[in-house]
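Note sheet for the following structure.
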Amino acid sequence: MQELPLTVRRSIELLGIVLIGTILVIGSNIIMPVLMAFFISILLVPVYRFLRKWKIPEAIAIVIPILLLIVFVGLIGWFFSAQISILVSDFPQIKKNVSQHLHALSSWISSISDYSTKEQVAFINKKSDDLMSYAGTAASGAAVTLSSVFIFVGLLPIYIYLMLFYKDILLRFIFMWFKTDHHPRVKDAIYETESIIKNYLVGLLIQITYMTILLGGGLLVLGIKHALLIGVIFAILNLIPYVGALIGNIIGVMLTLTSSTELWPVLTVLIVIAVVQFLDNNILMPRIVGSKIKINALVAILGVVVGGSIAGVPGMFLSMPLIAVLKVIFDRTDMFKQWGVLLGDERPTKSPMTFPAFRKKKTVPMKSGTEK
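Just so you know, we're using the working numbering here: the sequence shown kicks off at 3 and counts up by one.
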């Protein structure tokens with residue numbers, strides 16, 4: 003391929019990106035469970051190796067970590083159901099608080115505009131009718147969506163089991179794609195990919211734990227209702243880079259508004275979230291994951307948006323580890339090294355416009371993408 007003209011090579015690369023994107027869009031329902039199973043299986047590999055070290059049969063050594071994963075997910079589901087049942091039991095009070103907030107909002111709108119309360123009620127009723135119509139349309143496809151979720155969840159343990167069972171076949175398949183001279187580099191790339199994915203996912207689990215404790219515990223001590231639910235929802239949504247934190251703030255404020263008629267709890271929630279985020283972004287998370295994965299903010303946001311448009315919420319969660327894997331592969335391939343540079347956050351210490359040495363693929367002095 004090196005003998006081809008530059009324009010042809012770049013056209014083939016761009017065509018490959020378009021083709022991969024098309025395949026992901028068309029086959030997202032098939033590909034997403036496989037990708038999810040791949041990342042989870044890498045996370046479970048240390049447990050599998052530990053059990054095999056103690057001479058436990060292979061099938062049992064694979065089933066045990068899968069069962070532990072199911073129990074862990076079941077505990078999370080039980081916690082959410084318990085918190086939501088508490089929320090439902092407070093529904094009469096929530097309805098009363100929402101009514102008061104809407105009345106206050108209506109009075110404020112009337113004071114700053116020409117819209118009377120009667121016009122606002124008519125507008126709300128119209129939008130409510132539209133919302134009910136939309137809900138009816140969405141409900142017609144709920145059965146299909148629910149069945150897709152059950153298929154996704156049902157296939158996941160099967161995929162994980164088979165990937166762990168046939169991992170040596172998959173590895174041999176990967177090595178056979180490359181010349182023997184390149185096998186040491188392929189081996190290093192596989193080890194680093196496993197290390198990055200494992201450290202990244204373990205780091206995210208640690209992040210969920212300490213953010214739930216800090217945020218939920220802090221709000222609970224300060225007397226905020228549904229504190230643990232707010233903490234868990236924010237901790238999980240915070241896994242989605244940049245976008246998740248914003249959505250978590252909005253949900254936290256909405257839950258607080260429904261449980262109180264005063265504004266101080268809302269300010270308390272926002273302040274506690276800001277403090278926890280500061281600790282997470284500047285002290286805790288860089289020590290856990292920051293040194294393991296270095297993706298620049300522009301690519302991270304684009305990855306989340308593209309992943310969400312292709313596969314919804316699973317695509318948003320999987321975007322960062324997938325980009326990290328691609329960066330490891332690109333960094334070790336001379337043909338695609340420029341794509342690895344594009345994904346990373348290591349900026350050249352000098353401008354490539356002025357210094358020709360920084361326009362080449364060779365190693366050059368770098369600085370962190372966060373430095374100015």
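Built from N, CA and C at the ideal position, the CB exists for glycine as well.
Asked                                                                                                         : Found
Classification of Gln209 by the beta-carbon crowding that lies within 10 angstroms, buried from 16 upward     : buried
Rounded distance between the beta-carbons of Leu320 and Lys26, thought under 8 Å                              : This sequence places Leu at residue 26; Lys is not what is there. At roughly 11 Å, the Cβ-Cβ gap does not stay under 8 Å, so Leu26 and Leu320 are not in contact.
Three-state class that DSSP yields for Arg334 in the structure shown                                          : coil
Same chain, Cβ closer than 8 Å to Leu344, neighbours up to 5 away in sequence not counted                     : Val301
Chain C contact for Ala302 (CB, 8 Å cutoff)                                                                   : Of the protein chains in this structure there is only one, and it is not chain C.
Proximity winner among Leu248, Val274 and Ile192, relative to Leu224 (alpha-carbon distances)                 : Val274
Coil, strand or helix - Ala144 by DSSP                                                                        : Low per-residue confidence applies at Ala144: pLDDT is 40, beneath 50, and the placement is therefore not dependable, though the value from the model is reported in the following sentence. In the structure shown, Ala144 sits in a helix (DSSP, three-state: H, G or I).
Residue burial classification, Met213 (beta-carbon count within 10 angstroms, cutoff 16)                      : buried
Three-state class that DSSP yields for Asn240 in the structure shown                                          : coil
Cα-Cα separation, Asn52 to Leu328                                                                             : In the sequence on display, residue 52 carries Phe and not Asn. Whole-angstrom Cα-Cα distance: 28 Å.
Option in Thr258, Asn284, Lys181 and Val245 with minimal Cα separation from Gly305                            : Val245
Given 8 Å, three or more beta-carbon pairs between the stretch 13-20 and the stretch 169-178                  : no
Cutoff 8 Å; reference Ala382; Cβ partners in own chain excluding five residues on either side                 : As displayed, the chain neither begins before 3 nor continues past 374, which places residue 382 out of reach and without an answer.
Cβ separation of Gly219 and Phe236, assumed to be a contact under 8 Å, to the nearest whole Å                 : Not really, about 13 Å apart at Cβ, beyond 8 Å.
Selection from His184, Ile242, Gly317 and Glu194 that minimises the alpha carbon distance to Leu206           : Ile242
Ser197 versus Tyr168, Ser91, Ala359 and Pro323, residue with shortest Cα-Cα distance                          : Pro323
First and last residue of the uninterrupted alpha helix (DSSP H) at Gly225                                    : Gly225 -> no alpha helix (DSSP H), and no H or E assigned at all.
Coarse secondary structure for Pro358, derived from DSSP in three states                                      : helix
Nearest candidate by alpha-carbon position, reference Val49, set Pro35, Ile32, Ile33 and Ile68                : Ile68
CB-CB length for Pro358 against Leu157, believed under 8 Å                                                    : Pro358 to Leu157, Cβ: 52 Å. No contact.
DSSP state of Phe180 mapped onto helix, strand, coil                                                          : coil
Cβ separation of Asp347 and Lys296, assumed to be a contact under 8 Å, to the nearest whole Å                 : 5 Å
Outcome for Ile226 when other beta-carbon atoms lying within 10 angstroms are tallied against a minimum of 16 : buried
Assigned exposure category for Asn240 - 16 Cβ within 10 Å defines buried                                      : buried
Integer-rounded CB distance, given that Leu231 should sit under 8 Å from Leu222                               : At roughly 11 Å, the Cβ-Cβ gap does not stay under 8 Å, so Leu222 and Leu231 are not in contact.
As assigned by DSSP and simplified to three states, the class of Ser262                                       : coil
Leu70 burial status per 10 Å Cβ neighbour count (16 or more: buried)                                          : exposed
Exposure label - Pro7; buried when at least 16 CB within 10 Å                                                 : exposed
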